[in-house]
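Residue numbers (our numbering): 3 to 525.
1) Here's the rule I'm using: 16 or more other beta-carbon atoms within 10 Å means buried, otherwise exposed. How should residue 239 be labelled?
2) Which of the three DSSP states, helix, strand or coil, is assigned to residue 417?
3) Which partner residues of residue 431 appear in the DSSP bridge assignment?
4) Sorted by chain position, which residues of the same chain lie with C-beta nearer than 6 angstroms to residue 142's C-beta, five sequence neighbours on each side aside?
5) Can you say whether residue 60 is buried or exposed, counting buried as having 16 or more other CB atoms within 10 angstroms of its CB?
6) Would you identify the three-state DSSP class for residue 49, choosing helix, strand or coil?
7) Kindly say whether residue 68, judged by its beta-carbon, lies nearer than 7 angstroms to any beta-carbon of chain B.
8) Since I believe residue 322 is in contact with residue 349 (beta carbons under 8 angstroms), could you give me their beta-carbon distance rounded to a whole number of angstroms?
9) Among all the DSSP beta bridges, which residues are the ones paired with residue 153?
10) Sorted by chain position, which residues of the same chain lie with C-beta nearer than 7 angstroms to residue 313's C-beta, five sequence neighbours on each side aside?
11) Hey, how far is the Cα of residue 326 from the Cα of residue 336?
12) Three-state secondary structure (DSSP) at residue 364?
13) In angstroms with no decimal places, state the Cα-to-Cα distance between residue 485 and residue 511.
14) Given a cut-off of 7 angstroms, decide if residue 46 and residue 35 are closer than it, judged by their beta-carbon atoms.
15) For the beta strand (DSSP E) that contains residue 397, what are its first and last residues?
16) Leaving aside the five residues before and after residue 223 along the sequence, list all residues of the same chain whose C-beta is less than 8 angstroms from its C-beta, in chain order.
17) Can you grab the Cα-Cα spacing for the pair residue 272 / residue 194, in whole Å?
18) Output yes or no for whether 7 angstroms exceeds the beta carbon distance between residue 277 and residue 502.
19) Quick check on the burial criterion: 16 or more other C-beta atoms within 10 angstroms. Buried or exposed for residue 390?
20) When the Cβ atoms of the stretch 97-104 are set against those of the stretch 49-67, are three or more pairs found closer than 8 angstroms?
21) Is it right to say residue 279 is buried, meaning 16 or more other beta carbons lie within 10 angstroms of its own, or is it exposed?
22) Identify whether residue 451 lies in helix, strand or coil by the three-state DSSP scheme.
23) Please tell me whether residue 242 and residue 192 are closer than 7 angstroms, where the distance is taken between their beta carbons.
24) Would you kindly work out how many angstroms separate the C-alpha atoms of residue 58 and residue 509, rounded to a whole number?
25) Would you identify the three-state DSSP class for residue 372, choosing helix, strand or coil?
26) Quick one: what's residue 194 bridged to in DSSP?
27) With a threshold of 16 other CB atoms inside 10 Å of the CB of residue 205, please say whether the residue is buried or exposed.
28) Flag this pair as touching only if the stretch 455-463 and the stretch 420-436 have three or more C-beta atom pairs under 8 angstroms; answer yes or no.
29) Since residue 229 and residue 83 should fall inside the 8 angstroms C-beta cutoff, what is the C-beta to C-beta distance between them, to a whole number of angstroms?
30) Let me know the secondary structure DSSP gives residue 462 once reduced to three states.
31) Among residues of its own chain, excluding the 5 on either side of residue 100, which ones have a beta-carbon nearer than 7 angstroms to its beta-carbon?
32) Measuring only the C-alpha atoms, how far is residue 407 from residue 340?
33) Among residues of its own chain, excluding the 5 on either side of residue 398, which ones have a beta-carbon nearer than 6 angstroms to its beta-carbon?
34) Given that a residue counts as buried once 16 or more other Cβ atoms are within 10 Å of its Cβ, and exposed if not, what is residue 506?
35) How far does the alpha helix (DSSP H) with residue 278 in it extend, from its first residue to its last?
36) Hey, how far is the Cα of residue 432 from the Cα of residue 159?
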């Protein structure tokens, strides 16, 4: 009798285990509810026709429905906009991913967060590279590191159909540097100033005659748009004549030094891209640089270290240090304390040598240190008596011309080293002279693609895989293996499609399980 009871108990236990596993597998409607909530950041309406149609349907139908939902936000490659600009679901999906991609960056705002910067530069530009790679047909994920143009968001507002683009809301008004349109399509939205005659700029003197300023009206196509995101396209050039090169020590760069051969072009395209996808984005530099406005690089004393560290953190999921103590060289007689310490050099050997490539970059301004402009008058009027601005103040990033014979570090030819170890332990060490060089090298690393897979996997499943670490449990190892597989397939596929990667996550056991952290339902 006891023997029969044991057999019955084992039979019930084994069948209960099977039932538990089957119950843990979500049904087709449940899978669609989960992907809908993730893609649109809100619950699916219970009267949704797709949801209702999935009742009693196989799991594969739900996977296809999730993929179709994701495809709603695909761009038309000729217009760079979603195909159905009035489709609310498409706009919600696009918004969800733009917010997600923005969250991947350590710094979310421009450090000099003045209103003028938000109108001249698209603050979402770094995220635009990821969103464009996801939704623009035949756009590979390595374009995030290789594309050589600045990007801007295309946005729409239904209330603009009967009003001028900026008539809906007054952003700012005179005399606070930005003109807000409130009445007419003919009203000027934004004008910026520039120097009329560079020969009148007083070298090593912060005082500039206000009458030496002129201004241009910025075309609406160059101004950041507001409203619902409906696409992403190339940023058109915006040429500003004769910008200033102020220095942080209250002096100015001698204009004759800007190009020893003479004839430096002061007509600067403030949207000029410097290669390397996100790396060459001015907005990414504004958000991450540690250089002050007007501050030149000066060897190890002044150099853009923060930018270098953020590149590794934001794009490869690295946390410094990423070199071992044996990798670095210390200099016992150095004037810099950090170069005499091995643990310090584990970080500095990476970020400093990266930043050496950026030595020519400077953040320039269109205003004097007094920060005010004067209206042109026939009779000179002291600035204190007539502070009315004739154009908004802003800053831009510019690359100084290099000269092999220059003794000024900021004018010497750019030369740096990319030096780090990957999650697998392999060392990468290469000479770099441009952001384009860096982008090409990083796009060849497995870790860029695995990092991308990790971020999407975390969003859709809630599981934060620790790359480069030793898994503590078999379940952690299985998740790590799955993310590594996703990254490897992304890198080596001809399309390098992040959309395909997301669809694979939809089909994973982790996504389709009610409790995706159980041992039975690991990927």
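Even for Gly, the Cβ is constructed at its ideal location relative to N, Cα and C.
To lay it out plainly:
1) exposed
2) Coil, per DSSP.
3) 421
4) 498
5) exposed
6) In the three-state DSSP reduction, residue 49 falls in the coil class, being neither helix nor strand.
7) Considering every chain present, this structure includes no chain B. It has just one protein chain.
8) 5 angstroms
9) 236
10) 281
11) 21 angstroms
12) Of the three classes helix, strand and coil, the one that applies to residue 364 here is strand, per DSSP.
13) 13 angstroms
14) yes
15) 397-401
16) Cβ neighbours of residue 223 beyond the five flanking positions: 238.
17) When rounded, the distance between both Cα atoms is 12 angstroms.
18) Against a cut-off of 7 angstroms, the Cβ pair of residue 502 and residue 277 comes out as no contact.
19) Unreliable positioning characterises residue 390 in this predicted model, as indicated by a pLDDT of 44, which lies under 50. The coordinate reading is nonetheless provided below. Counting Cβ neighbours within 10 Å, residue 390 comes out exposed, since fewer than 16 surround it.
20) no
21) buried
22) Helix at residue 451.
23) no
24) 18 angstroms
25) Note that residue 372 has pLDDT 40, beneath the 50 cutoff, so the model's placement of it is unreliable and the number below is only indicative. If DSSP states are grouped into helix, strand and coil, residue 372 belongs with coil.
26) 218 and 394
27) For residue 205, the predicted model reports a pLDDT of 42, less than 50, meaning its position is unreliable and no value from the coordinates is stated.
28) Counting Cβ pairs under 8 angstroms, fewer than three are found: no touch.
29) Between residue 83 and residue 229 the Cβ distance is about 13 angstroms, and since that is not below 8 angstroms, they are no contact.
30) helix
31) When the five nearest sequence neighbours on each side are left out, the beta carbons in the same chain lying within less than 7 angstroms of the beta carbon of residue 100 are those of 126, 129, 133 and 231, in order along the chain.
32) 29 angstroms
33) 272 and 366
34) buried
35) Counting along the chain, residue 278 falls outside any alpha helix (DSSP H), and DSSP gives it neither H nor E.
36) Going by the C-alpha atoms only, they are around 47 angstroms apart.
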